[in-house]
Structure formats: structure tokens, C-alpha cells
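For the sequence shown, my numbering assigns the number 28 to the initial residue and increments by one for each residue that follows.
The beta carbon of each residue, even a glycine, is placed where N, CA and C say it ideally should be.
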Amino acid sequence: MPPNASDPHPTYYRMNSLVAVRRALKSVGFTEEDILMVEAEPSYLMFSVPSFLLGVGYERIVNHSEALSGLRACILACFRKPVPRYGADTAAL
């Protein structure tokens with residue numbers, strides 16, 4: 028992009044860590060059901076056999092060890108928004 032050009036669709040990454048996802052969703056009332064961190068296959072490295080093999084090794088190592096889960100790139104999260112409960116003291120919509 029030229030130096031004077033502006034991005035027509037700027038991107039702001041605000042929920043790209045486990046801590047940020049939990050904080051953002053809990054702050055609006057969601058409860059955590061399950062979170063899974065995974066490292067996907069390194070298909071983006073298929074331009075070179077050595078780089079692909081290194082990527083496969085990395086993927087296998089970080090997916091095998093829970094201690095290395097923070098190094099995984101993909102966050103799959105399931106959160107639930109509580110259903111409002113209507114009682115005798117509240118009006119149903």
C-alpha cells in the first residue's frame with residue numbers, strides 16, 4: 028500500500044488471546060462452557076518441503092503438550108448467554 032493511502036477497511040484485533048476472549052464475553056454476561064486451543068495444520072508452509080516439515084513438527088508438539096497450549100493459534104470457544112427468568116414479580120414480554 029502506498030505511504031499516503033488509507034486502509035478502507037481497518038482491522039482492530041481485540042479478542043486474539045484466551046484472556047481477552049474470556050474478559051470480553053464475561054463482561055457482557057456470557058458464561059464459559061468450553062474453550063479449546065488448537066494449532067492447525069501448516070498448509071500455509073507448503074511452498075517448501077523443509078518449512079512444511081518444520082511446521083508439522085511444531086503443530087504436533089504444541090498440540091501434544093497442554094503446557095504449550097498458549098502457543099496454539101486457534102481459539103475455539105463456547106460461551107452461553109443466560110436465559111432471562113420471568114417470575115411473578117417481572118412482566119413477561
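Distance, residue j Cα to residue i Cα
{"i": "K53", "j": "P77", "result": "42 Å"}
{"i": "R112", "j": "A51", "result": "23 Å"}
{"i": "P88", "j": "F74", "result": "Rather than Pro, the amino acid found at residue 88 in this sequence is Ile. Roughly 21 Å separates the two Cα atoms."}
{"i": "V55", "j": "V48", "result": "11 Å"}
{"i": "G82", "j": "Y71", "result": "9 Å"}
{"i": "R99", "j": "N31", "result": "36 Å"}
{"i": "V46", "j": "C101", "result": "13 Å"}
{"i": "L136", "j": "G84", "result": "Absent from the model: residue 136. The displayed extent of the chain is 28 to 120, so no value can be given."}
{"i": "H91", "j": "P35", "result": "40 Å"}
{"i": "E93", "j": "E86", "result": "13 Å"}
{"i": "T107", "j": "G97", "result": "A quick correction: the sequence has Arg, not Thr, at residue 107. Their backbone Cα atoms lie some 23 Å apart in a straight line."}
Residue i versus the options, residue with shortest Cα-Cα distance
{"i": "D61", "options": "A104, T38, R87", "result": "A104"}
Chain C within 8 Å of residue i, Cβ atoms only
{"i": "Y85", "result": "The displayed structure is made up of one protein chain only, and chain C is not part of it."}
C-beta contact flag for residue i and residue j at 8 Å
{"i": "P109", "j": "T58", "result": "yes"}
Within the chosen definition, does the stretch 63–71 reach the stretch 33–43 through at least 3 CB pairs nearer than 8 Å?
-> no
Uninterrupted alpha helix (DSSP H) stretches inside the stretch 33–108 (no shorter than 4 residues) = 45–54, 76–91
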